[in-house]
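Asks:
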Amino acid sequence: MRVEVKVIARAKKEEIEKVSENNYRIKVSPPPEKGMANKRVIELLSEKFDIKKKDIRIVSGETNSRKIIEIDL
-19 MRVEVKVIAR AKKEEIEKVS ENNYRIKVSP PPEKGMANKR VIELLSEKFD IKKKDIRIVS
41 GETNSRKIIE IDL
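Quick note: the sequence shown, position 63, residue 43 per my numbering, numbers continuous.
1. Taking 9 Å as the cut-off, decide whether the C-beta atoms of SER26 and ALA(-11) are in contact.
2. Quick check on ASN18: does DSSP put it in helix, strand or coil?
3. Residues bridged to VAL(-13) by DSSP?
4. Are the CB atoms of ARG(-18) and ILE48 nearer to each other than 9 Å?
5. My assumption, with CB atoms under 8 Å, is that ILE55 sits in contact with LYS33. Please give the rounded CB distance.
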């Protein structure tokens, strides 16, 4: 499954908001430096879908707030 994600880094409260069927807005507390925000996004998605972190990968947008993420369910 591929999802489009808009990441908001340095958020006070972490949350995942479903915007549409395959579109999410994810707020994370780490800053967008050294991959910290990306790592936290993968952790949150792993918890939400109850899957291992290795089954989630960023397909595009590694250094952008808009990302396409592939999730192996």
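C-beta: ideal position from N, C-alpha, C; glycine also.
Replies: A quick look at the data gives this:
1. Against a cut-off of 9 Å, the Cβ pair of ALA(-11) and SER26 comes out as no contact.
2. Of the three classes helix, strand and coil, the one that applies to ASN18 here is helix, per DSSP.
3. Its beta-bridge partners are ILE6.
4. Yes, the pair counts as a contact, with Cβ atoms nearer than the cut-off.
5. A question about residue 55 goes unanswered here, because the residues of the chain that appear run from -19 up to 53.
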